[in-house]
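Going left to right, the sequence shown walks through residues -22 to -1, 1 to 286 as mature numbering (1 follows the signal peptide of the UniProt record, and there is no 0) numbers them. One structure is given here, and the rest of the page talks about it.
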Amino acid sequence: MFIRNVASLLTVSASFSLYASAQLAGQTIKFESILSPSQPGNCLIASSNTDGAAVVVGECGTNATALNSWVVPNGANSPGPLQIFGDKCLDVTNGANADGTKLQIWTCATGNTNQLWVPTGSDNIITWSGTTKCIDVTNGDLTDGNQVQIWDCDSTNGNQKFLANAVTSPTAFTIASKLAPSLCIAASANAGNASVVVANCDATSAAQKWSDPKNNGQMIIYDNLCVTLATGPLVSPSNGVKLVLQTCVANAEPQRWGHRTGQIINFNIKGECIDLTGGVTTPGNQLQTWDCSTTDNLNQDWVVTNTF
C-alpha cells in the first residue's frame, strides 16, 4: 500500500480523482465499460440469480438494480470476490485459464480461486487474481446479452476497461493503526483546535467516527470539525506538524487527505503523511505529519474500515 517513488508523491494531487472513483472496501459498484458510446452506458450484468448464469453486458440504466450492483468486499487493488445477490460471486467457468473462457456467477465459496479478482482504481482493469487474464468485453461488442470473457491483460485495450460507478458511499469510517491495531485515530475533544490523537478503538465512540460526505478528502467529525494542520497552510514540506480539529472549510487543502488504507497523504503539503508520532502507542499520543515513507514504515500504515 506504500507509494514507492518520489514522482508518485509529487503527483498525488493530480491523481486525487482516483480516490473518488476507486472502489472502497465494502462498496457497491456498477462496472461500466469505457466503450459505452453514451449514457447511461453498458455495464457488467448477471443474467439471473442462479448458479451458472452468464455475466453479460447490458444497459446500466439510470438506477442501480440487483442485476448490476457488485459488492467489492476488499476494495481496489486487493484480491477478493465480486459479489452480487448477496451470496453469488463472479466466477471463471470451470476455472479454465484460457483466452475466451466465459464468465458466470456461482455461489460464493471462501478460497475458491475461480472467484478471486483484483479491481484497480487507476487503469480500470479487473484482473483474475494470480493470473495474467482480465475481464474482457467479447469482441468489443456492447450488444445487450453479450457474455463477457477473460483474455490476456492489456492495459491499453478498451475491451478490458471498466469505470467503477459508486452505488453506495460510506456513511462513516474508522481508522486503526496497523502497528497497534487496538488504537484508532480519534478526536481528543469536540472543540476547535482539539488534538487529533490515537485512542483505544471503540466502535461506539463518536470521537472515532469520521465522514467525508462530499468525497473530497475531508475527515469530518462531530459538528463540522475537520482534521487539519495545526500550522495552517504550508508552502513546503515540514516534518512534525501536529494535527488538530478546525471548522471545515470547503476545498481547504490542509484539510484534505487521501484517507484510504495504507498511507494517508495530505493534499497541501505533498509527500507528507499522517504519522504516529515517535511510534508511541500510548493512547492520547497526538498525531503529526512526516515525510511519506518509501518503505514499510508502520508509523504511517493505517487500516480504514468503511460503514455503508
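For every residue, glycine included, the Cβ atom is placed at its ideal position computed from N, Cα and C.
Report the CB separation of residue i from residue j in whole angstroms; it is logged as a contact under 8 Å.
i	j	result
Asn217	Asp269	6 Å
Gln186	Ala177	7 Å
Ser133	Asp101	5 Å
Lys111	Trp84	That belief does not hold up - the Cβ atoms of Lys111 and Trp84 are roughly 17 Å apart, past 8 Å.
Asn41	Ile23	Wrong, their Cβ atoms sit about 14 Å apart, outside the cutoff.
If you compare alpha carbons, which of the options is closest to residue i?
i	options	result
Asp69	Ala32, Thr259 and Ser214	Ala32
Asp119	Gly89, Leu13 and Gln82	Leu13
Leu221	Ala181, Asn263, Val213 and Trp129	Asn263
residue 330	Cys131, Gly210 and Gly36	An answer regarding residue 330 cannot be provided, because it is not within the stretch -22 to 286 covered by the chain.
Lys80	Thr121, Cys86 and Asp114	Asp114
Gly99	Ala144, Cys86 and Asn72	Ala144
Ser214	Gln266, Ile247 and Val96	Ile247
Asp122	Gly39, Gly89 and Asn72	Gly39
Val96	Gly210, Val34, Phe140 and Lys156	Phe140
Val34	Phe9, Pro15 and Ala87	Phe9
Find out if the Cβ-Cβ distance for the pair residue i, residue j is shorter than 8 Å.
i	j	result
Cys179	Cys204	no
Asn138	Ile103	In the sequence on display, residue 138 carries Gln and not Asn. Taking 8 Å as the Cβ cut-off, Gln138 and Ile103 qualify as a contacting pair.
Asn20	Ser11	yes
Thr105	Thr283	no
Val281	Ala154	yes
Ala208	Val219	yes
Leu223	Ala165	yes
Within the same chain, show all residues whose beta-carbon is closer than 8 Å to that of residue i, passing over the 5 residues directly before and after it, in chain order.
i	result
Phe286	Gly4, Gln5, Thr6, Thr146, Ser147, Pro148 and Thr149
Gly108	Pro57, Thr91 and Leu94
Trp235	Gly195, Gln196, Met197, Val205, Ile242, Ile243, Asn244, Phe245 and Ile252
Phe63	Ala24, Asn27, Ala44 and Ile83
Lys156	Leu276, Asp279, Trp280 and Val281
Here's the rule: buried if 16 or more other CB atoms are within 10 angstroms of the residue's CB, otherwise exposed. What is residue i?
i	result
Ser(-6)	With a pLDDT of 38 at Ser(-6), under the threshold of 50, the modelled position of that residue is not reliable, and the figure given next carries that caveat. When all chains shown are included, Ser(-6) counts as exposed.
Asp274	exposed
Ala169	exposed
Lys192	exposed
Val174	buried
Val258	exposed
Pro232	buried
Gln241	buried
Asp190	buried
Val49	buried
Asp29	exposed
Gly36	buried
Gln266	buried
Thr260	exposed
Thr239	buried
Ala184	exposed
Ala181	exposed
Near residue i, which residues of its chain fall below 7 Å by C-beta distance, leaving aside the five closest residues on each side in sequence?
i	result
Thr116	Asn124, Gln125, Val126 and Gln127
Ala(-16)	Bear in mind that the predicted position of Ala(-16) carries a pLDDT of just 34, short of 50, making it unreliable; the figure below should be weighed with that in mind. Around Ala(-16): no qualifying Cβ.
Gly160	It is worth fixing the name first, because residue 160 is Ser in this sequence and not Gly. For Ser160, where only same-chain residues beyond five positions count, the Cβ hits under 7 Å are Asn178 and Cys179.
Quick one: residues in its chain with C-beta nearer than 6 Å to the C-beta of residue i, no 5 flanking neighbours on either side, listed in chain order?
i	result
Gly78	Gln127
Asn277	Asp253, Leu254 and Gly257
Asn52	Ala3 and Gly58
Tyr200	Asn168
Ala87	none
Taking 8 Å as the threshold (beta carbon to beta carbon), is residue i in contact with chain E?
i	result
Lys8	Protein chain content of the structure displayed is limited to a single chain, and chain E is not contained in it.
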